[in-house]
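*Asks:*
Residue numbers (the numbering used here), protein chains in the order written: chain A, 13 to 230; chain B, 13 to 230.
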């Protein structure tokens, strides 16, 4: 089964990539550069795919970043919010319609290669902040993808009902090199330890009872 | 009602743009450059929007063209097929997953502007060749768009059950400047008159009983 995995260099999609390979999928990996603040996570994705001997391509969507105003991820004038994922401030980290765009581009590539699936690593913890990580969105997207071409491509979302701690537990069993993954929203070398995604990463390792190899600034 | 109109500079989307303005929509126009053979149609779109005093933006998707192999519209090694829209050869004109990508990008822009709708000009004549112009696709896409964000954006597809001749008739009533629209798949100055979209254009003017102002090569 040929599958396009959407990978960000983050923790969830890296565990998913290992899981797809374990399941015997013939995997191609795609990362999306949508004009985000920094490309550390893309470098992580490239390195991880190189180690796993998986073909990796980057979809350069920087040519639409002028249409994606209002997110701290693409607009340098908006500061990265700190603290837990909760409340209005975290909505600033949402790139509008990011997953529909990413999955549509991945589907185009899948169609042109006659692949069977596209996979993305949305998980249960994403749901409150990111509407396009909900199970109901994924199901609707699967329908669109299957209707978009005479060659049918389906959407795999293996972690849609898993917590990040459960993903880490699964990754630990598969010996995923967590130290090569990148979560932090900031551009500095080490994980800041203070932004929402760093908070979530730290706490999830503790909940999972797995050693956290991440170097945090504090 | 604020609406993002996806416009190509072609006949259908130009009539749609006039129709939306007639209906009182507050319109923004978006064209997509997905690395197509030529940009004559984008120049037409820009000119038409300027005349109508509608803000026009271009989404530059040339950074994903390496993922869209296998179409005569993006791969210069594949010749443009001639003759009617029918049979396998016309499938070569399909850019994989084009409409899902276009509509997802338009939706992102709509969300960031808090617009109510995205509109596209798919029509009944497109259905056989282009799966992503079918009513069933448009309905599924509408669901995805509404679920993608807490701010709901709907999909308008006013011509989904109209023929191209009917669109031309409607355009004639609204005095659409058809001579400023561009259909031809080839890059030359005049419409070639031989590719599938020129055939369809020519025949539809005849069916509609509307004078065709297009200059064809033959």
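All C-beta atoms in this analysis are idealised placements derived from N, C-alpha and C, irrespective of residue type, glycine included.
Just the chain B side, please: which residues come within less than 9 Å of residue 53 of chain A by C-beta, in chain order?
*Replies:* In the first chain, the residue the question calls residue 53 of chain A occupies position 41. Those within 9 Å of residue 53 of chain A in chain B number zero; the least Cβ separation is about 17 Å.
*Asks:* Would you list, in sequence order, the uninterrupted alpha helix (DSSP H) runs of no fewer than 4 residues that lie entirely inside the segment 113-162 of chain A?
*Replies:* 147-159
*Asks:* On a Cα-Cα basis, can you pick out the residue from A:160, A:198, A:151 that is closest to residue 209 of chain A?
*Replies:* Position 197 of the first chain, counted from the first residue, corresponds to residue 209 of chain A. Ranking the options by Cα distance to residue 209 of chain A, first place goes to A:198.
*Asks:* Assuming residue 62 of chain A is part of the beta strand (DSSP E), what are its boundary residues?
*Replies:* Within the first chain, the letter at position 50 stands for residue 62 of chain A. Counting along the chain, residue 62 of chain A falls outside any beta strand (DSSP E), though it belongs to the alpha helix (DSSP H) covering 52-64.
*Asks:* Identify the contact partners of residue 159 of chain B in chain A, using a Cβ-Cβ distance below 8 Å as the criterion.
*Replies:* Locating residue 159 of chain B in the second chain gives position 147, where the first residue counts as 1. Under the 8 Å cutoff, chain A gives 143, 144, 146, 148, 149, 152.
*Asks:* Please go through the same chain and pick out, in chain order, the residues whose beta-carbon is closer than 8 Å to the beta-carbon of residue 163 of chain A, but skip the five residues on each side of it.
*Replies:* Indexing the first chain from 1 puts residue 163 of chain A at position 151. Contacts found: 123, 126.
*Asks:* Determine the DSSP secondary structure at residue 183 of chain B, reduced to helix, strand or coil.
*Replies:* By one-based count along the second chain, residue 183 of chain B stands at place 171. Residue 183 of chain B: helix per DSSP, three-state reduction.
*Asks:* With DSSP collapsed to three states, give me the class of residue 27 of chain B.
*Replies:* Within the second chain, the letter at position 15 stands for residue 27 of chain B. DSSP places residue 27 of chain B in helix when its eight states are reduced to three.
*Asks:* How is residue 178 of chain A classed by DSSP in three states: helix, strand or coil?
*Replies:* Here the question's residue 178 of chain A lines up with position 166 in the first chain. Here DSSP, grouped into helix, strand and coil, assigns residue 178 of chain A to helix.
*Asks:* Give me, in chain order, the residues of the same chain whose beta-carbon lies closer than 6 Å to that of residue 70 of chain B; leave out the 5 immediate sequence neighbours on both sides.
*Replies:* On the second chain, residue 70 of chain B is found 58 positions in, with the first residue counted as 1. 43, 45.
*Asks:* Within 10 angstroms of its Cβ, does residue 148 of chain B collect 16 or more other Cβ (buried), or is it exposed?
*Replies:* As a working note, residue 148 of chain B is residue 136 in the second chain. Exposed is the call here.
*Asks:* Let me know the secondary structure DSSP gives residue 43 of chain B once reduced to three states.
*Replies:* On the second chain, residue 43 of chain B is found 31 positions in, with the first residue counted as 1. In the structure shown, residue 43 of chain B sits in a strand (DSSP, three-state: E or B).
*Asks:* Of all the CB atoms in chain A, is at least one closer than 7 Å to the CB of residue 208 of chain B?
*Replies:* For the purposes of this step, residue 208 of chain B is taken as the residue at position 196 of the second chain. Cβ-Cβ to chain A under 7 Å: no for residue 208 of chain B.
*Asks:* For the segment 101-131 of chain B, enumerate the residues whose C-beta is nearer than 7 Å to any C-beta of chain A, in chain order.
*Replies:* 108, 109, 112, 113, 116, 117, 119, 120, 121, 123, 124
*Asks:* Going by beta carbon distance, what residues of the same chain come within less than 6 Å of residue 72 of chain A, once the five residues before and after it are set aside?
*Replies:* For this step, residue 72 of chain A is matched to residue 60 along the first chain. The answer, listed in chain order, is 45.
*Asks:* Which residues of chain B have a Cβ atom closer than 7 Å to the Cβ of residue 81 of chain A, listed in chain order?
*Replies:* Mapped onto the first chain, residue 81 of chain A falls at position 69. Within 7 Å Cβ-Cβ: 124.
*Asks:* Measuring alpha carbon to alpha carbon, tell me which residue in B:188, B:206, B:207, B:200 is nearest residue 225 of chain B.
*Replies:* Mapped onto the second chain, residue 225 of chain B falls at position 213. The residue with the shortest Cα to Cα distance from residue 225 of chain B is B:188.
*Asks:* In this structure, how does DSSP classify residue 71 of chain A when only helix, strand and coil are distinguished?
*Replies:* Along the first chain, read from residue 1 onward, the residue named residue 71 of chain A stands at position 59. Residue 71 of chain A falls in the strand class under three-state DSSP.
*Asks:* Leaving out five residues before and five after residue 103 of chain A in sequence, what residues of the same chain have Cβ atoms less than 7 Å from its Cβ?
*Replies:* Residue numbering aside, residue 103 of chain A sits at position 91 when the first chain is read from its first letter. Note on residue 103 of chain A: pLDDT 47, under 50, position unreliable in the model; the coordinate value appears next. Taken in chain order, the residues that qualify are 141.
*Asks:* Please list, in chain order, all residues of the same chain as residue 216 of chain B whose beta carbon is under 7 Å from its beta carbon, the five residues on each side excluded.
*Replies:* Here residue 216 of chain B corresponds to residue number 204 of the second chain, with the count starting at 1. Contacts found: 176, 177, 180.
*Asks:* In chain B, which residues lie less than 7 Å from residue 155 of chain A when you measure between Cβ atoms?
*Replies:* Sequence index remark: in the first chain, residue 155 of chain A carries index 143 (1-based). Below the 7 Å Cβ cutoff, chain B contributes 152 as neighbours of residue 155 of chain A, in chain order.
*Asks:* Am I right that residue 183 of chain A and residue 30 of chain A are in contact with their C-beta atoms under 8 Å? What's the rounded C-beta distance?
*Replies:* Sequence index remark: in the first chain, residue 183 of chain A carries index 171 (1-based). Sequence index remark: in the first chain, residue 30 of chain A carries index 18 (1-based). That pair is a contact at about 7 Å.
*Asks:* Verify the CB distance criterion: does residue 75 of chain A have a CB-CB separation below 7 Å to chain B?
*Replies:* On the first chain, position 63 is the one that residue 75 of chain A refers to. Yes, contact with chain B.
*Asks:* For residue 71 of chain B, go through chain A and note every residue whose CB falls closer than 8 Å to its CB, in chain order.
*Replies:* Looking up residue 71 of chain B in the second chain gives position 59. From the beta-carbon of residue 71 of chain B, the residues of chain A found nearer than 8 Å are 75, 76, 79.
*Asks:* Do you know how far the Cα of residue 17 of chain B is from the Cα of residue 171 of chain B?
*Replies:* Reading the second chain from its first residue, position 159 is the one you call residue 171 of chain B. Reading the second chain from its first residue, position 5 is the one you call residue 17 of chain B. Spanning the two alpha carbons is a distance of roughly 13 Å.
*Asks:* Could you check where the beta strand (DSSP E) with residue 17 of chain B kicks off and where it finishes?
*Replies:* Residue numbering aside, residue 17 of chain B sits at position 5 when the second chain is read from its first letter. Residue 17 of chain B -> beta strand (DSSP E) spans 14-18.
*Asks:* Return the CA-CA distance between residue 234 of chain B and residue 167 of chain B, expressed in angstroms with no decimal places.
*Replies:* With chain B represented from 13 up to 230, any question about residue 234 of chain B goes unanswered, as that position is not in the structure.
*Asks:* Going by CA-CA distance only, name the one from A:15, A:24, A:19, A:13 that's closest to residue 138 of chain A.
*Replies:* As a first step, residue 138 of chain A is located in the first chain; it is residue number 126 there, counting from the start. Minimum Cα distance to residue 138 of chain A is reached at A:24.
*Asks:* When we look at the beta-carbon of residue 191 of chain A and count the other beta-carbons within 10 Å, is it buried (16 or more) or exposed?
*Replies:* In the first chain, the residue the question calls residue 191 of chain A occupies position 179. Exposed is the call here.
*Asks:* Run down chain B in chain order and give the residues with a C-beta less than 7 Å from the C-beta of residue 162 of chain A.
*Replies:* Residue 162 of chain A sits at position 150 when you count from the first residue of the first chain. Going along chain B in sequence order, the residues near residue 162 of chain A (Cβ under 7 Å) are 143.
*Asks:* When you compare each of A:229, A:14, A:213, A:58 to residue 39 of chain A by their alpha carbons, which one comes out closest?
*Replies:* Indexing the first chain from 1 puts residue 39 of chain A at position 27. Cα-wise, what sits closest to residue 39 of chain A is A:14.
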